[in-house]
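Per our numbering, residue 51 is the first one in the sequence shown, and the count goes up by one each step.
Here a beta-carbon is modelled for each residue, glycine too, at the ideal position from N, C-alpha and C.
This report refers to the structure that appears directly beneath it.
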Amino acid sequence: MRILIVEDEAKIRGSTKRALVEDGFNVVEAEEGETGLHLAATEEFDLIILDVMLPLRDGWSVVKALREKGKQAPVLFLSARDDVPDRVKGLELGGDDYLVKPFAFSELLARVRSLLRRPAARQADKLRVEDLELDLVRHKATRGGKALDLTAKEFSLLALLVQRTGEVIARTLLLEQVWDVNFDGDTNVIDVAVGRLRKKLDDPFPTKLIHTVRGVGYVLERRD
Ligand code: CA
51 MRILIVEDEA KIRGSTKRAL VEDGFNVVEA EEGETGLHLA ATEEFDLIIL DVMLPLRDGW
111 SVVKALREKG KQAPVLFLSA RDDVPDRVKG LELGGDDYLV KPFAFSELLA RVRSLLRRPA
171 ARQADKLRVE DLELDLVRHK ATRGGKALDL TAKEFSLLAL LVQRTGEVIA RTLLLEQVWD
231 VNFDGDTNVI DVAVGRLRKK LDDPFPTKLI HTVRGVGYVL ERRD
């Protein structure tokens with residue numbers, strides 16, 4: 051299990067790392083928010099322990115950017131602040147738990163273990179890319195907090211694209227997976243369905259998420 055700690059106070063970072071390493075975790079450290087975000091966005095971690103007040107980029111902004119990139123690793127916030135509005139803000143932005151400094155290592159380890167038991171279920175039922183969120187259990191999609199009115203097929207299509215964010219998905223695969231049809235025939239049905247999906251998902255928003263890869267299929271990703 052790999053954990054990233056982003057904490058600027060060397061003493062806390064060092065002692066937290068030791069406690070986790072003794073408990074058998076593989077630990078990577080960052081001293082400020084930019085490096086923390088870069089590591090969290092480019093490498094795979096099972097959990098991120100994130101201080102709120104950090105140089106260069108605060109913990110809230112790190113978690114917001116991570117969730118927008120579709121990264122779902124659970125985040126445990128560390129903070130010297132213990133007032134409720136901050137705590138709520140952290141959780142609303144996509145944090146999973148909150149620990150107030152100073153904390154006992156037994157408490158930290160208990161929270162870490164509890165978060166590590168959760169991610170599979172959590173990843174399975176909610177997916178996020180940028181401002182798009184899919185609830186796979188309730189079959190609901192929202193963009194920028196607004197509900198998208200999708201048919202069952204459109205939702206399945208979108209879920210497949212989101213689950214494979216950044217990968218080009220061939221029309222034939224979409225046909226197989228979403229329409230449960232396995233043949234090399236007419237994939238026009240896909241183009242029509244994607245067209246309808248785009249009208250709801252992308253047309254009302256400045257950032258387009260679905261892109262056509264000519265002759266192949268479609269990819270869902272942010273392109274600046
Ligand atoms: Ca700090």
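Checklist entry - Sorry if obvious, but does the Cβ on L104 come closer than 7 Å to a heavy atom of ligand 2? => result What this structure holds is ligand 1, not ligand 2.
Next on the checklist: Which of the three DSSP states is assigned to R172 in this structure?
Outcome noted: Along the sequence shown, one-based indexing puts residue 172 at 122. Bear in mind that the predicted position of R172 carries a pLDDT of just 48, short of 50, making it unreliable; the figure below should be weighed with that in mind. DSSP places R172 in helix when its eight states are reduced to three.
Checklist entry - When we look at the beta-carbon of R188 and count the other beta-carbons within 10 Å, is it buried (16 or more) or exposed? => result For this step, residue 188 is matched to residue 138 along the sequence shown. Per the 10 Å Cβ criterion, exposed.
Checklist entry - If you compare alpha carbons, which of L100, F127, N76, T201 is closest to G86? => result Working through the sequence shown from its first residue, we reach residue 86 at position 36. Nearest C-alpha to G86 among L100, F127, N76, T201: L100.
Checklist entry - Do the CB positions of V78 and L89 come within less than 8 Å of each other? => result Position 28 of the sequence shown, counted from the first residue, corresponds to residue 78. Position 39 of the sequence shown, counted from the first residue, corresponds to residue 89. The beta carbons of V78 and L89 sit closer together than 8 Å.
Next on the checklist: Taking the beta strand (DSSP E) that V263 belongs to, which residues open and close that run?
Outcome noted: Translated into the one-based positions of the sequence shown, residue 263 becomes position 213. 260-263 is the span of the beta strand (DSSP E), which, as asked, contains V263.
Checklist entry - Roughly how far, in whole angstroms, is the beta-carbon of D58 from the beta-carbon of L116, given that I think they are within contact range, below 8 Å? => result Taking the first residue of the sequence shown as 1, we reach residue 58 at position 8. Taking the first residue of the sequence shown as 1, we reach residue 116 at position 66. With 8 Å as the limit, D58 and L116 do not qualify as a contact, their Cβ atoms being about 18 Å apart.
Item to check | Distance CB(E94)-CB(R163) smaller than 8 Å | outcome: Against the sequence shown, residue 94 aligns to sequence position 44. Against the sequence shown, residue 163 aligns to sequence position 113. No, they are not a contact pair.
Checklist entry - Does ligand 1 have a heavy atom nearer than 7 Å to the CB of E84? => result Working through the sequence shown from its first residue, we reach residue 84 at position 34. Outside the cutoff, so no.
Next on the checklist: By the DSSP assignment, the beta strand (DSSP E) with F155 in it spans what residues?
Outcome noted: Reading the sequence shown from its first residue, position 105 is the one you call residue 155. Careful: F155 lies outside any beta strand (DSSP E), inside the alpha helix (DSSP H) at 155-167.
Item to check | Span of the beta strand (DSSP E) around L184 | outcome: Translated into the one-based positions of the sequence shown, residue 184 becomes position 134. That run of the beta strand (DSSP E) goes 182-185.
Checklist entry - First and last residue of the beta strand (DSSP E) that includes T257? => result Within the sequence shown, the letter at position 207 stands for residue 257. Under the DSSP assignment, T257 falls outside any beta strand (DSSP E); it carries neither an H nor an E label.
Item to check | Neighbour-count burial assignment, A202, 16 or more Cβ in a 10 Å radius | outcome: Along the sequence shown, one-based indexing puts residue 202 at 152. The residue is exposed, with fewer than 16 neighbouring Cβ atoms inside 10 Å.
Next on the checklist: Let's see if you can read the secondary structure: which residues bound the beta strand (DSSP E) around F127?
Outcome noted: Walking along the sequence shown from the start, residue 127 turns up at place 77. Where F127 is concerned, the enclosing beta strand (DSSP E) stretches over 125-129.
Next on the checklist: Taking the beta strand (DSSP E) that L198 belongs to, which residues open and close that run?
Outcome noted: Counted from its first residue, the sequence shown places residue 198 at position 148. Here the beta strand (DSSP E) through L198 covers 196-198.
Item to check | Extent of the continuous beta strand (DSSP E) run through K190 | outcome: Along the sequence shown, read from residue 1 onward, the residue named residue 190 stands at position 140. Note, K190: beta strand (DSSP E), 190-193.
Checklist entry - Hey, how far is the Cα of F127 from the Cα of V113? => result Counted from its first residue, the sequence shown places residue 127 at position 77. Counted from its first residue, the sequence shown places residue 113 at position 63. Each residue's Cα considered, the two are about 9 Å apart.
Checklist entry - Mapping DSSP to helix, strand and coil, what is E79? => result Translated into positions along the sequence shown, residue 79 becomes position 29. Strand at E79.
Checklist entry - When every heavy atom of ligand 1 is checked, does at least one fall within less than 7 Å of the C-beta of D199? => result Taking the sequence shown and counting its residues from 1, the one referred to as residue 199 is at position 149. Relative to ligand 1, D199 has its C-beta separated by 7 Å or more from all heavy atoms.
Next on the checklist: What does the Cβ neighbour count give for G195, buried or exposed, with the cut at 16 atoms within 10 Å?
Outcome noted: Start at 1 with the first residue of the sequence shown, and residue 195 comes out as number 145. Flag for G195 reads exposed.
Item to check | Option in E81, R178, I240 with minimal Cα separation from W229 | outcome: The count along the sequence shown starts at 1 and reaches residue 229 at position 179. The candidate whose alpha carbon is nearest that of W229 is I240.
Next on the checklist: Is E59 near ligand 1 - that is, is its Cβ less than 7 Å away from at least one heavy atom of it?
Outcome noted: Residue numbering aside, residue 59 sits at position 9 when the sequence shown is read from its first letter. Yes, the beta carbon of E59 sits closer than 7 Å to at least one heavy atom of ligand 1.
Item to check | Member of P124, V102, R107 whose CA lies at the smallest distance from the CA of D96 | outcome: Against the sequence shown, residue 96 aligns to sequence position 46. Checking every option, the nearest Cα to that of D96 belongs to P124.
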